[in-house]
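Top to bottom, those sequences are chains Y and W. Under the numbering used here, the first residue of the first sequence is numbered 79, with each subsequent residue one higher. Under the numbering used here, the first residue of the second sequence is numbered 79, with each subsequent residue one higher. Take a look at the structure below.
There are 2 protein chains.
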Amino acid sequence: MEFQGALERLHAIDKECRHLERAVAVLQWDMETFLPEKGVEERAEQLALLEGIAHERSISTEAGRLLLELGSTHENPQGDEKLPALERDFLKVFRRVYDKKLKLPVDFVSAQAKAEGLSQAAWVAARRDNNFSAFLPHLVKMIDFSRQRAIYWGFVDNPYDGLLDIYEPGMSASDIDAVFTPLRERLSSLLKKIAGQKRPDCSFLDQDFDMETQARFSLELMKKLGFDSSRGRLDVSAHPFTTTLGPDDVRITSRYLPRQLQSGIFATIHESGHAFYEMGFPQSIRGSILADGASMGIHESQSRLWENVIGRSLSFWKAMFPSLVEYFPDELSKTGVEIFYRAINLVEPSLIRIEADEVSYSLHVILRFCLERELFSGVLDPAELPSAWRKKMKEFLGIEPETDAQGVLQDVHWSIGSFGYFPSYALGNLYGLQFWEKLVKDVSDADELISQGNFAPIRSWLNDNIHSWGRRLDPQDLLKTVTGSNLSAEPFLGYIESKFSTIYGS
Amino acid sequence: MEFQGALERLHAIDKECRHLERAVAVLQWDMETFLPEKGVEERAEQLALLEGIAHERSISTEAGRLLLELGSTHENPQGDEKLPALERDFLKVFRRVYDKKLKLPVDFVSAQAKAEGLSQAAWVAARRDNNFSAFLPHLVKMIDFSRQRAIYWGFVDNPYDGLLDIYEPGMSASDIDAVFTPLRERLSSLLKKIAGQKRPDCSFLDQDFDMETQARFSLELMKKLGFDSSRGRLDVSAHPFTTTLGPDDVRITSRYLPRQLQSGIFATIHESGHAFYEMGFPQSIRGSILADGASMGIHESQSRLWENVIGRSLSFWKAMFPSLVEYFPDELSKTGVEIFYRAINLVEPSLIRIEADEVSYSLHVILRFCLERELFSGVLDPAELPSAWRKKMKEFLGIEPETDAQGVLQDVHWSIGSFGYFPSYALGNLYGLQFWEKLVKDVSDADELISQGNFAPIRSWLNDNIHSWGRRLDPQDLLKTVTGSNLSAEPFLGYIESKFSTIYGS
């Protein structure tokens, strides 16, 4: 075949780029888990060097020439029509990443990285001191850098669309708005309704749960979900995450708090959901740029399905609670599974996104989406963010933070210029329930299987229908291919309204 | 200063090379400690790529040009005389490493690496199956590659000298022979004498010592020795090792066997000795090629001093035994410290080097040195190695292996072409006691300090006198600078004869 040589060479370059990215991931994983306190400075230098080398290789002129030889251009990224579908998907994604990287001037990237470092440090201090105005100049810089990045990349209507495209390829702010508007209205109204109901008993959670025992339970839980320990690990870090160090080396972390048993459990389940995705890419795309999630939102759909739809269901705890009680007999043997189930599904408006329940979580996200949009359209002055934040909190959740530390300063994302990232979290909820609706049609006894602790059929379905695509399809195409439908908030809202009206009565 | 620009640039290149080497060390450390079983293949590919990048950078033509600009040539490695002493040492070492790497053709290095991989795998199988002849063709290849390497590097008398120079710069086989000959004679004779004495009671060691408790004791021991946990870690691996991931990130590993309490303890002390060296390089050479040990032998002098001279002394256990008994009250509370001391100093000829006591250890090493010398001078045919091994074992230690697995096949070194490495182990013993003789003059109450568990003055002395030099001096120059003497076996022999005649009576 005429393209064979060029294809093989491009695959070899791709493989080297992935190896370098994985090496970076090893150094980062180690930094979050085992690095001695004083090793941080040196590690940052090692990482900067390796990331620089990885970047250089991924935008080599050789790769650019090979893409052209294979017919892949900015306008026709998939390349020559005679190529097999898999290769055309490979070229599409390689070209997209290549263009995005190449369009940013080297000086711009290094100035941005430097400013990000300073900005994140300033954010840490500002949150600690509850001092938004000390952070404001950095925030303004981050917005400027992000706007400039969007200009380099190009966009149709608003620079914000250019930023969203990194996390959710093909999605614009108005696409997202179309589903977020009904989502916000119905979740806000449900939240108000629940506020009038009796609060479930959560007192039994306010005990000291030994952290090592929690870690041992998490490990068992992860294995029961089907995590293959010969291809991954569970460790501890300050913030739970999933990282891929190789096709057969996917690592998750969790963290255990003595008086918050549920925190570690659901972190472990959530990250396991991410890990199943990363472990589930097929042999045909192993070690290639296609062996990745379709988008941030699709990735979140996997983690949130496991954490919430499966992990916070009554059926799940019918299977798992006896084992949890074995780990904590003194603390839990007097608690019934129904009580436990209601406690882990407590709904209560709260100030902090990452502690939010299933009903209010998406509202926290939509709030950020609205503010990001207004920042980039120029409607909102960054200096006005704290008051805009409080106003929206009142409107969406009915509560207001007393301090900016508990408000606009709570998340790291903006301090490192990750504008456009937040929507993925709520999109993950929507995608997840659209997938789930299809899954329960295909795997008819899903709920029964869960209550037996038999997750293999569910894992298989997710693997066959979603994971096996890797990054070949854009999120909306994947959604359509799997479910036959376009993006919609209905399945998620139907699930939420039904679940919580049962728990809280209606 | 006229050379300033060139010096700064060479230091920047050096720093990048060290960063890459450290990144490789992170990936290797992870491979030995935490890598999931199925991640090995991918990790090997990541490592090959990173090592290749590190190699390319370290022999860049820019570095070569800068060395010349600074007056550093093969004949005059230290460069221009107007440069400060520290910079001249830097140039000397950079030039030496640069030349050694550059002299090996790229094709040769990759052919050698491939052959090494096959040879090591063949060795694993041959040792398992006790089948020397299956390994022989690989061994012959490894000898050929090593001889060729020595030719590329250059040597005066014998290619073996060219190989030794990698591990002990400036040492020839005849230099080593001059100290190994009296060492062998007197150790052999001491060993025979001890064989006639009463064997100490070691029965109490034949109990199950819980491995997690051993690990906790090792951690405490390491901290008591003075290991700064904010600059390093202790983990578990199949074979104990020390590795430097950064100037403030030095990691050691140990391994615990249920019925061999002493094995994990002395591995931890040994590796701590290596770690103190690596943690002890001064700010002036931080992150540079000079921040390394003077040689393999000097490195071993540090680990063996801590393991044997300090760690196997009665004073040491007077300080530490009460704590060990607290960890193992059921197993040890009936054992006195004197009994313990005699048991951990059991002398008995044995077949396996890494299990040998202080008296016979060096004999195992000298045996290998003699055989290596004969192999490279052509006196010994590799096919005759098993019988030569048995003959020498009989002569040096008075025992013979029944199988080659317990004889010539026991060590990995030859299978990966590391000829010339073994002597460093015994040289470490000699250097160590020469240093120690000086140390006890300067720190007059060393033994008393040890019995109080106060190691800070000893660590300080080693740091000020040895570690602070890094790699600036060659081993013989360092020895002369620190002790005023040339290499000699007398201090070590005096120590050994005195210690063991006390334990065994004489």
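Ideal Cβ placement from N, Cα and C applies to all residues, glycine included.
Between the segment 116-131 of chain Y and the segment 330-344 of chain Y there are fewer than three C-beta pairs closer than 8 Å, too few to call the two in contact. A contact between stretches requires three or more CB pairs, one per stretch, nearer than 8 Å, and the segment 414-427 of chain Y meets this requirement with the segment 388-405 of chain Y. With a threshold of 16 other beta carbon atoms within 10 Å, W:Gly358 meets it and is buried.
Listed along chain W are Ile131, each with a C-beta nearer than 8 Å to that of Y:Ile131. Taking Y:Ala369 as reference, the option from Y:Gly572, Y:Ser224, Y:Asp92, Y:Gly510 with the minimal CA-CA separation is Y:Asp92. W:Asp326 reaches chain Y at Pro114, Lys116, Gly117, Glu119, Glu120, counting residues in chain order whose Cβ is nearer than 8 Å.
At a Cβ-Cβ threshold of 9 Å, Y:Phe474 and Y:Ser224 do not count as neighbours. Relative to the Cα of Y:Arg390, the nearest Cα in the group Y:Phe344, Y:Lys469, Y:Ser465, Y:Gly232 belongs to Y:Phe344. With contacts defined by Cβ atoms closer than 9 Å, Y:Ser296 and Y:Leu312 form a contacting pair. At the C-beta level, W:Leu241 and W:Phe454 come within 9 Å of one another.
Within chain Y, Glu123, Gln124, Leu127 have C-beta atoms less than 7 Å from the C-beta of W:His97, given in sequence order. Cβ contact annotation for W:Asn154 (same chain, cutoff 7 Å, sequence separation greater than five): none.
Boundaries cannot be given for Y:Thr413, as no beta strand (DSSP E) includes it and DSSP labels it neither H nor E. Under a criterion of Cβ atoms nearer than 7 Å, the residues of chain Y adjacent to W:Asp108 are, in order, Val104, Asp108. Chain W has no Cβ within less than 9 Å of the Cβ of Y:Leu368. Apart from sequence neighbours up to five positions away, the residues of its chain that approach Y:Ser440 with a beta-carbon distance below 7 Å are Leu261, Leu265, Ala504, Asn507, ordered along the chain.
The shortest C-alpha to C-alpha distance from Y:Asn209 to any of Y:Arg87, Y:Ala534, Y:Ala461 is the one to Y:Ala461.
Under a 10 Å Cβ-count criterion, W:Thr346 is classified as buried, with 16 or more other Cβ atoms of the shown protein chains found around its own Cβ.
C-alpha of Y:Glu194 to C-alpha of Y:Tyr499: approximately 16 Å in a straight line. Fully enclosed alpha helix (DSSP H) runs of no fewer than 4 residues occupy 289-303 of the segment 260-339 of chain Y, in order along the chain.
Residue environment: W:Leu556 is assigned as buried (16 or more neighbouring CB atoms within 10 Å of its CB, all protein chains considered). Annotation note: the segment 374-413 of chain Y contains the following uninterrupted alpha helix (DSSP H) runs of length 4 or greater, listed N- to C-terminal: 374-382, 392-405, 407-410. At a cut-off of 9 Å between C-beta atoms, Y:Arg100 counts as an interface residue with respect to chain W. Against chain Y, the CB of W:Gly358 has no partner CB under 9 Å away; the residue lies outside that interface.
Judged by DSSP in its simplified three-state form, Y:Asp459 adopts coil rather than helix or strand. Between W:Asp313 and chain Y, the shortest Cβ-Cβ separation is below 9 Å. Counting along the chain, no alpha helix (DSSP H) covers W:Asp158, and no H or E run does either. Within 10 angstroms of the beta-carbon of Y:Asn564 lie fewer than 16 other beta-carbons, which makes it exposed. Pairing W:Leu402 with W:Gly583, the inter-Cα distance amounts to about 27 Å.
Residues are counted here when their Cβ sits less than 9 Å from a Cβ of chain Y; for the segment 294-312 of chain W these are Asp306, Ser307, Ser308, Arg309, Gly310, Arg311, given in chain order.
Annotation: W:Glu404 to W:Glu298 spans about 12 Å, alpha carbon to alpha carbon. Against chain W, a Cβ distance below 7 Å from Y:Glu94 picks out Leu127.
Annotation for W:His97: the continuous alpha helix (DSSP H) segment containing it runs 82-111. Excluding sequence positions up to five before and after Y:Gln554, its CB lies within less than 8 Å of the CB of Gly248, Met249, Asn564, Leu565, all in the same chain and listed in chain order. Counting of Cβ neighbours within 10 angstroms places W:Ile272 among the buried residues, the total reaching 16 or more.
Here the alpha carbon of Y:Lys472 sits roughly 13 Å from the alpha carbon of Y:Val486.
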